Each structure stands twice: as C-alpha cells, then as structure tokens.
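Trainee: Sequence positions in the sequence shown follow my numbering and run 526 to 700. The C-beta atom is built at its ideal place from N, Cα and C for all residues, glycine as well. A quick note: this is a predicted structure, and the numbers were derived from the prediction, not measured. The structure that follows is given in the form of structure tokens.
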Amino acid sequence: MDEDVLELENRRKIYQLLTKYPGMYLREMEKELGLAVGVLEYNLNYLEKKEILMAEKDGNRKRYFVREGFSWGDKITVGLLRQEIPRRIVIFLMLNVNASFQDVLAQFKISKSTLSFHMKKLTEASIVGSEKDGRATNYRVLDPENTARVILTYKASFLDAVVDRFAEVWGDMGK
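Below, the structure written as structure tokens:
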C-alpha cells in the first residue's frame, strides 16, 4: 500500500475506522468521525480510486471495506451481519441447527413477512440454507465455522450483547 495515500489525517482516520469496523455506510462514518459528508465522500472516492478501499452496493447505499485481507464471501457476510435482525437470526440458527421458520419467528418480535424478507436475503447470500421437511422449512447456517469466525473477528463492530453471549457460548462449545 502506498503510504503517501494515507498521509492526510482524514484518510488515515477513515482507513483505521474501516479496518476496525468493516462494512460501514457513509452516514455511520459521518457520525463516528465527525467529518462533513462532502469531505468524507471525496476521501472515500479517492481511496477507492487508489484501490485502498472497496465499496459494495447494499440496496441504495454502499458499504465500505479495506481492500486487503477481505474475501468476497466475508464482505457479503459482514454486510448482512451489520444489520441487527439478520445478525440475530444467524446467531439463533448457529445455536439452534435446523430450526423451523416458526421456531425462528417465535424468537423475534417481527412479522412473518419481515422474517421471510430477511431469510430470503440470508439464503440468497448463501449464509443460510433451507430444507423442506413435510410442510415445514428448516434453516441452518451453511458454513458455521466461517460464519463464527467472521462474527468473532468483527464482534466489536456489531455492538450487540447477543454477539457477546454468542462468543461465550461458542467458546464453551469448544469451537
């Protein structure tokens, strides 16, 4: 990496923030760093152009990542896990393998349509798999070891007591 690119304090702050909290949106960085949106956008575009950062479209917004050390799969996983409902669904499924849709629904105060929306996102991202069992559909995390690694590696960026409890339970399970 070209050290001159990070010579400016704002660029260095952005880089350090995204190293610690990958997958942040522009507005999250604005709050955290206290930089004006225009200054932030200019520096993010510059760092993207210099291939220090990469951006991933997430609906109408972009998530930003430090380019080095991030696989495509991890980018997708972190992006989804930064959202509270998908993160909690994944953690529930990690601890309750082959849970049915109704099992998952019973754990969360959300509507069926909201749960369906999030399950579809997680399934399309190949984080969660589904299997029909008669009339019920059961769900499981497809790569629990890698998903746990991502959760534990970036646990500080999620700021969630559920993640902290998961880390304890996963460690107790000897994983």
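Look at the alpha carbon of V622 and the alpha carbon of T639, and state the distance between them as a whole number of angstroms.
Mentor: 21 Å
Trainee: Among all the DSSP beta bridges, which residues are the ones paired with L578?
Mentor: V591
Trainee: Between E566, A692 and L605, which has its C-alpha nearest L551's C-alpha?
Mentor: Looking at the Cα atoms, E566 is the closest of the given residues.
Trainee: Straight-line CA distance for V666 to F683?
Mentor: Rounded to whole angstroms, V666 and F683 show a C-alpha spacing of 19 Å.
Trainee: Identify, in the order they occur along the chain, each residue of the same chain with its Cβ nearer than 8 Å to the Cβ of V653, setting aside the five sequence neighbours on each side.
Mentor: I614, V615, L618, M644, L647, Y664, R665, V666 and L667
Trainee: Are the beta-carbon atoms of L606 and V564 separated by less than 9 Å?
Mentor: no
Trainee: Take G659 as the anchor and find which of S625, K538, L542 and S641 has the nearest alpha-carbon.
Mentor: S625
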